[in-house]
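So the structure is just underneath, and the comments pick up after that.
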Amino acid sequence: MTKVTILGAGITGLVIAASLPKHYDITVIARNLPGDPDSQEWASPWAGAVWLGMLNSSDADQKIQLKSLALWRNLAERHPESSVRRLQLIDVIDEIPPEEIWYRNKVPGFRPLQKEELPGNAPHGATFGSMVVTPMHFLPWLRKRLEETGVKFMRTTVASLDELKGLGHHILINASGTGPKYLTDIKDDKVLEVRGQTVLVKSPYNKCFMRRGKDYTYHIPRGDGTAILGGIKEYGSTAKEVSEATRNDIFRRIHENLPDVFPSADPKAFQVVRDIVGIRPQRDGGVRIEKEVLNGQRVVHAYGVEAGGYLFSWGLGLEVAELVNDFELEPTDSPVLSKL
Numbered sequence: 001m002t003k004v005t006i007l008g009a010g011i012t013g014l015v016i017a018a019s020l021p022k023h024y025d026i027t028v029i030a031r032n033l034p035g036d037p038d039s040q041e042w043a044s045p046w047a048g049a050v051w052l053g054m055l056n057s058s059d060a061d062q063k064i065q066l067k068s069l070a071l072w073r074n075l076a077e078r079h080p081e082s083s084v085r086r087l088q089l090i091d092v093i094d095e096i097p098p099e100e101i102w103y104r105n106k107v108p109g110f111r112p113l114q115k116e117e118l119p120g121n122a123p124h125g126a127t128f129g130s131m132v133v134t135p136m137h138f139l140p141w142l143r144k145r146l147e148e149t150g151v152k153f154m155r156t157t158v159a160s161l162d163e164l165k166g167l168g169h170h171i172l173i174n175a176s177g178t179g180p181k182y183l184t185d186i187k188d189d190k191v192l193e194v195r196g197q198t199v200l201v202k203s204p205y206n207k208c209f210m211r212r213g214k215d216y217t218y219h220i221p222r223g224d225g226t227a228i229l230g231g232i233k234e235y236g237s238t239a240k241e242v243s244e245a246t247r248n249d250i251f252r253r254i255h256e257n258l259p260d261v262f263p264s265a266d267p268k269a270f271q272v273v274r275d276i277v278g279i280r281p282q283r284d285g286g287v288r289i290e291k292e293v294l295n296g297q298r299v300v301h302a303y304g305v306e307a308g309g310y311l312f313s314w315g316l317g318l319e320v321a322e323l324v325n326d327f328e329l330e331p332t333d334s335p336v337l338s339k340l
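In full-length UniProt numbering, the protein residues as written are 1 to 340.
Take a look at the structure:
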């Protein structure tokens, strides 16, 4: 039986585990595991977790994102208890008109917004059928489903991939988020840490609104009368404290874009449930999906999704499963053949 170890229990690691053949012996190892008390040490529980095509994506990345959308929407239909929901997304990109968006003919129900539908002072926009996840619910749900199929979970902290040789796996999958920046046998200096800050508030608005341009502003409903408001990207920052200035700026931008829903920018006018700060992994040059033999271990790398773990997830899982299969088909050193 093929034995696989996955380093990382965030959305990427979990979905990879779900994408591998069921007859594999799979162990997911990580410092943080789904169901843990709140921790800012990992990004997946704090994500907005909505499908929104990444701008300037390569052809290969576009295919991965579209595969993910199809599988997410299918999951929403088959397992509503997972927290995955289909919903209509309002997509405003200040510099790019709808007719130039790469996914315009590839997602359900895509159409340009009419002038009277545009929020705030938006120059143009579009709407299409997307999906949204509530990470704090979904991650433990998926872990439970995986455990029911025999996947094992183990808590550990490592400084290198080499430390994992003793686990006896045939293949090691590196889905460790920002880990490759620090793992001593990788030291990937292309990995960046990006600070994000959002606010969970009570909201009657059940649509997902995203605006990309000079600022990155969004409203992501959770389906329980709350919504995530954001956002910000601070490259190289790992500060975990809430910035009041950033918080107030988010309220200002949300008010300007959705004045009918949030008629005031005054922070006191918002019913705040909690503030959220998360450190997201990103990689200069894009996601790393490749296999290599590293210090005698067969390793598949799967990291660097630019704060798009949920966006890439299922498509990335399928790509990784193919690389694992490629390793399986490759000849390995045999004690018998070595004597010839």
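Each residue gets a CB set at the ideal place from its N, CA and C atoms; glycine is no exception.
| said: Here's a check: name, in chain order, each residue in its chain whose Cβ is nearer than 7 Å to the Cβ of W102, leaving out the five neighbours to either side. | reply: In chain order, G53, S57 and Q62 place their CB closer than 7 Å to the CB of W102, counting only its own chain and leaving out the 5 sequence neighbours on each side.
| request: Enumerate in chain order the residues of its own chain whose CB-to-CB distance from V15 is below 8 Å, with the five nearest sequence positions on each side excluded. | output: Only residues of its own chain outside the window of five on either side were considered, and among them L142, S313, W314, L316 and G317 have a CB closer than 8 Å to the CB of V15, listed in chain order.
| said: Check for me: the alpha helix (DSSP H) holding F65 runs from which residue to which? | reply: First, the amino acid is wrong: residue 65 is Gln here, not Phe. Segment D59 to R78, the alpha helix (DSSP H) holding Q65.
| said: Between K207 and Q114, how many whole angstroms is the CB-CB distance? I'm expecting something under 8 Å. | reply: That pair is no contact at about 15 Å.
| Would you call the CB atoms of Q282 and A307 closer than 8 Å? | Against a cut-off of 8 Å, the Cβ pair of A307 and Q282 comes out as a contact.
| message | Using 8 Å for Cβ pairs, my map puts residue 344 next to V324. What's the rounded Cβ distance? | response | The displayed coordinates of the chain run from 1 to 340. Any statement about residue 344 would go beyond what the structure contains.
| field | Neighbour-count burial assignment, R253, 16 or more Cβ in a 10 Å radius | value | R253 sits buried, since 16 or more C-beta atoms from the chains shown fall within 10 Å of its C-beta.
| For F262, the three-state DSSP class (helix, strand or coil) | Collapsing the DSSP output to three states places F262 in coil.
| request: Compute the beta-carbon to beta-carbon distance between E234 and R195, rounded to the nearest angstrom, for a pair I have assumed lies under 8 Å. | output: Yes, E234 and R195 are in contact; Cβ-Cβ is about 4 Å, under 8 Å.
| query | So, do the stretch 60–74 and the stretch 116–126 have three or more beta carbon pairs nearer to each other than 8 Å? | reply | Contact between the stretch 60–74 and the stretch 116–126 is absent: fewer than 3 CB-CB pairs across the two stretches fall below 8 Å.
| query | Under the rule that 16 or more other beta-carbon atoms within 10 Å means buried, what is L337, buried or exposed? | reply | Low local confidence applies: a pLDDT of 32 at L337 is under 50, so the model's placement there is unreliable, with the coordinate-based value given in what follows. By the neighbour-count rule (16 or more Cβ atoms within 10 Å), L337 is not buried but exposed.
| In whole angstroms, what separates the C-alpha of V300 from that of H137? | When rounded, the distance between both Cα atoms is 28 Å.
| Closest by CA to N288, which one among D188, G230, L146 and Q40? | Residue identity check: residue 288 is Arg in the sequence provided, not Asn. Per the Cα distances, D188.
| query | Helix, strand or coil for K291 per DSSP? | reply | The DSSP-derived three-state label of K291 is strand.
| message | Please give me, in chain order, every unbroken run of the beta strand (DSSP E) with length at least 3 that falls completely inside the stretch 99–179. | response | List check, beta strand (DSSP E) in window: 126–132, 152–155 and 171–174.
| message | Quick check on the burial criterion: 16 or more other C-beta atoms within 10 angstroms. Buried or exposed for Q271? | response | Of the residues assessed, Q271 falls on the exposed side of the cut-off, its CB having fewer than 16 other CB atoms within 10 angstroms.
| task | Counting only the same chain and skipping the five closest in sequence on each side, list residues whose C-beta sits under 8 Å from that of P263. | result | Excluding positions up to five away in sequence, the list reads H255 and A269.
| task | Less than 8 Å between the CB atoms is what I'm expecting for I228 and L200, so what's the real figure, rounded? | result | About 6 Å separates the two Cβ atoms, so the contact holds.
| field | Residue span of the beta strand (DSSP E) that contains D25, given as start and end | value | D25 to A30 is the span of the beta strand (DSSP E), which, as asked, contains D25.
| request: State yes or no: is the C-beta of G48 within less than 8 Å of the C-beta of I220? | output: Cβ distance < 8 Å, so G48 and I220 count as in contact.
| query | With DSSP run on the structure shown, which of helix, strand or coil describes L337? | reply | Confidence at L337 is low in this model, with a pLDDT of 32, below 50, so the placement of that residue is unreliable and no value is reported for it.
| task | State the Cα-Cα distance for the pair residue 346 and G150, rounded to the nearest angstrom. | result | Residue coverage of the chain in this structure runs from 1 to 340, which leaves residue 346 outside it and unanswerable.
| In whole angstroms, what separates the C-alpha of K7 from that of V28? | According to the sequence as given, residue 7 is Leu; it is not Lys. L7 and V28: Cα-Cα distance of roughly 6 Å.
| message | Can you list, in chain order, the residues of its chain with a C-beta nearer than 7 Å to that of G177? Leave out the 5 residues immediately preceding and following it. | response | Hits under 7 Å: G8, G10, W42, A43, P281 and Y303.
| So, is L340 buried or exposed, given that buried needs 16 or more other C-beta atoms within 10 angstroms? | With a pLDDT of 34 at L340, under the threshold of 50, the modelled position of this residue cannot be trusted, and the question is left open.
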